[in-house]
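Asker: Dropping a structure here in structure tokens format, bear with me for questions.
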Amino acid sequence: MSQIGLPFDWAGQARLGHFIVSSANRSAAHHIEGWRDWPVPISVLSGPPRSGKSLLAEHFAQISGGKVIEDVEHQSNTQLFHEWNMARDSRQPLLLVSRHAPSQWTVTLPDLRSRLAAAPHMHIDEPDDELVRALIEMGLHSGGSAYSPDLSEWLTRRIERSYSAVAAVLDELNRLSLATSRKISIATAKEALQNTGSFPILTSESDTADGDEKHSKEPE
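Count the sequence shown with the numbering used here and you get residues 6 to 225, in order.
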């Protein structure tokens, strides 16, 4: 796993940090870095909420001097077609950012549809285990929260594989740390998340109550 130096404000916790690259987003990150090699000066970036699309788009604008259009689903076909032609004629790169792939956009102009079909499209997937673990650790560290060494692994085995779920859990745990000024243990994390109704479902039958009890006895 590697990092691209980017401003990081994930889950509203940090002012500075890094965009973490894993198998979930590596292709998208490398495509942005290699903007000079695009076959056409336009590309599409899609991905789920809170997946770092805006951070990659900001990085793209900084390194390329290109233009970014976010939430393209809310742009008119005519405007997108105009922007496309401007990018093609000026050779100034253009990045279109969306939650969804172009095939899911409402495109009524045949010429725009054909151009979108020819453009490179990079998608950010929901986080894999490696990225979930790294985001948990970065989010707790950025929030100034002390936590037990095995907390991130314990959460990674149970949390829903989505950026939004990771952000929600981090928000709750960082609030807990701020309110109690204590290190977050597995036991306190489990109780806090259960109380909010957001406790992740166990992913393996091997995660027994005895195992949780063993972890809960560690010093806080």
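For every residue, glycine included, the Cβ atom is placed at its ideal position computed from N, Cα and C. Here the structure is a predicted model, which means the values were calculated and not measured.
Where ARG180 and PRO53 are concerned, what is the direct C-alpha to C-alpha distance, given to the nearest angstrom?
Answerer: The count along the sequence shown starts at 1 and reaches residue 180 at position 175. The count along the sequence shown starts at 1 and reaches residue 53 at position 48. Whole-angstrom Cα-Cα distance: 25 Å.
Asker: Would you call the CB atoms of GLU131 and ARG162 closer than 8 Å?
Answerer: Numbered from its first residue, the sequence shown carries residue 131 at position 126. Numbered from its first residue, the sequence shown carries residue 162 at position 157. In this structure, ARG162 does not lie closer than 8 Å to GLU131 by Cβ.
Asker: Do ILE129 and ALA33 have their C-beta atoms within less than 8 Å of each other?
Answerer: Stepping through the sequence shown from its first residue, residue 129 is reached at position 124. Stepping through the sequence shown from its first residue, residue 33 is reached at position 28. Against a cut-off of 8 Å, the Cβ pair of ALA33 and ILE129 comes out as a contact.
Asker: The alpha helix (DSSP H) with ILE141 in it runs from where to where?
Answerer: In the sequence shown, counting from the first residue as 1, residue 141 sits at position 136. From DSSP, the alpha helix (DSSP H) with ILE141 extends over 134-147.
Asker: Please check if any C-beta of chain D sits within less than 8 Å of the C-beta of LEU156.
Answerer: Chain labels in this structure do not include chain D; a single protein chain is all it has.
Asker: Closer than 8 Å by C-beta to LEU140: which residues in its own chain qualify, once you throw out the five before and the five after it? Chain order, please.
Answerer: As a first step, residue 140 must be located in the sequence shown, where it is residue number 135. Closer than 8 Å at the Cβ level, and outside the excluded window around LEU140, lie TRP15, ILE25, PRO132, TYR168, VAL171 and LEU175.
Asker: Between GLN67 and the rest of its own chain, which residues show a CB-CB distance below 8 Å, the 5 nearest in sequence each way excluded?
Answerer: Taking the first residue of the sequence shown as 1, we reach residue 67 at position 62. Apart from sequence neighbours up to five positions away, no residue of its chain approaches GLN67 with a beta-carbon distance below 8 Å.
Asker: If you check the beta carbons only, do SER190 and SER150 fall under 8 Å apart?
Answerer: Position 185 of the sequence shown holds residue 190. Position 145 of the sequence shown holds residue 150. Not in contact: SER190 and SER150 (Cβ atoms no closer than 8 Å).
Asker: Using a Cβ-Cβ cutoff of less than 8 Å, which residues in the same chain neighbour ARG5 once the five nearest sequence positions on both sides are dropped?
Answerer: Coverage of the chain is limited to positions 6 through 225, which leaves residue 5 absent and any answer about it impossible.
Asker: Going by beta-carbon coordinates alone, are VAL73 and LEU85 separated by less than 8 Å?
Answerer: If you number the sequence shown from 1, residue 73 lands on position 68. If you number the sequence shown from 1, residue 85 lands on position 80. The answer is no: Cβ separation not under 8 Å.
Asker: Can you list, in chain order, the residues of its chain whose CB lies under 6 Å from that of SER56, leaving out five sequence neighbours each side?
Answerer: In the sequence shown, counting from the first residue as 1, residue 56 sits at position 51. Cβ neighbours of SER56 beyond the five flanking positions: ILE129 and TYR168.
Asker: Taking buried to mean at least 16 other C-beta atoms within 10 Å of its own C-beta, is SER182 buried or exposed?
Answerer: In the sequence shown, counting from the first residue as 1, residue 182 sits at position 177. Under this definition SER182 is a buried residue.
Asker: Who are the Cβ neighbours of ILE37 in its own chain at under 7 Å, not counting the five residues just before and after it?
Answerer: Here residue 37 corresponds to residue number 32 of the sequence shown, with the count starting at 1. Cβ neighbours of ILE37 beyond the five flanking positions: LEU61, HIS64 and PHE65.
Asker: Tell me, please, which residues DSSP counts as bridged to HIS126.
Answerer: To locate residue 126, count along the sequence shown from 1; it is residue 121. VAL49.
Asker: Helix, strand or coil for VAL112, going by three-state DSSP, please let me know.
Answerer: Position 107 of the sequence shown, counted from the start, is the residue given in the question as residue 112. Three-state result, VAL112: coil.
Asker: When you compare each of LYS58, ASN82, SER48 and HIS87 to GLY71 by their alpha carbons, which one comes out closest?
Answerer: Mapped onto the sequence shown, residue 71 falls at position 66. It is SER48.
Asker: Can you name the start and end residues of the alpha helix (DSSP H) that ILE74 belongs to?
Answerer: Stepping through the sequence shown from its first residue, residue 74 is reached at position 69. Careful: ILE74 lies outside any alpha helix (DSSP H), inside the beta strand (DSSP E) at 72-74.
Asker: Taking the Cβ atom as the reference point for each residue, do GLY106 and HIS79 lie within a distance shorter than 8 Å?
Answerer: Walking along the sequence shown from the start, residue 106 turns up at place 101. Walking along the sequence shown from the start, residue 79 turns up at place 74. Note on residue identity: the sequence assigns Ala, not Gly, to residue 106. Their beta carbons are not under 8 Å apart, which means ALA106 does not touch HIS79 by this criterion.
Asker: Using C-beta distances below 6 Å, list every residue in its chain close to ALA92, excluding the 5 sequence neighbours before and after it, in chain order.
Answerer: Reading the sequence shown from its first residue, position 87 is the one you call residue 92. Cβ within range, chain order: PRO46, ILE47 and LEU99.
Asker: GLU75 and SER59 - do their beta-carbons sit closer together than 8 Å?
Answerer: Taking the first residue of the sequence shown as 1, we reach residue 59 at position 54. Taking the first residue of the sequence shown as 1, we reach residue 75 at position 70. Yes, Cβ-Cβ distance for SER59 and GLU75 is below 8 Å.
Asker: Assign TRP110 to one of two classes, buried (16 or more other C-beta atoms within 10 Å of its C-beta) or exposed (fewer than that).
Answerer: Taking the sequence shown and counting its residues from 1, the one referred to as residue 110 is at position 105. TRP110 should be labelled buried.
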